[in-house]
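What follows is a short report on a single structure.
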Amino acid sequence: MFVAYMTSIEKQFEFISQNWMNSKREPKEGGHDPIVGQHDRDGRKREFELMGRRMVLDKKFI
Numbered sequence: 001m002f003v004a005y006m007t008s009i010e011k012q013f014e015f016i017s018q019n020w021m022n023s024k025r026e027p028k029e030g031g032h033d034p035i036v037g038q039h040d041r042d043g044r045k046r047e048f049e050l051m052g053r054r055m056v057l058d059k060k061f062i
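Each residue of the sequence shown is one higher than the one before, starting from 1 at the first, in the UniProt record's numbering.
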């Protein structure tokens, strides 16, 4: 059985996208979300560090 209580899916999505996806504080291990977070002006790509290595996801993988 699955039970859920939601008041507004729109408000919840906006909260998550504005406060969690681009937060420098949350999640503490990961920082900015590499897939759905903000991208730079030069093109759509994501850069993040994973296990001590710098990773870059090109726009074709996003």
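For each residue, glycine too, the CB sits at the ideal point set by N, CA and C.
Using 8 Å for Cβ pairs, my map puts residue i next to residue j. What's the rounded Cβ distance?
| i | j | result |
| --- | --- | --- |
| Glu47 | Arg53 | About 11 Å; that fails the 8 Å criterion. |
| Gln12 | Met6 | 6 Å |
Compute the Euclidean distance between the alpha carbons of residue i and residue j, then round it to the nearest angstrom.
| i | j | result |
| --- | --- | --- |
| Ser17 | Glu49 | 21 Å |
| Glu14 | Met51 | 30 Å |
| Ile9 | Asp58 | 30 Å |
Looking only at its own chain, which residues have a Cβ that is under 7 Å from the Cβ of residue i, when we skip the five neighbours before and after it?
| i | result |
| --- | --- |
| residue 121 | Outside the shown range of the chain (1 to 62) lies residue 121, about which nothing can therefore be said. |
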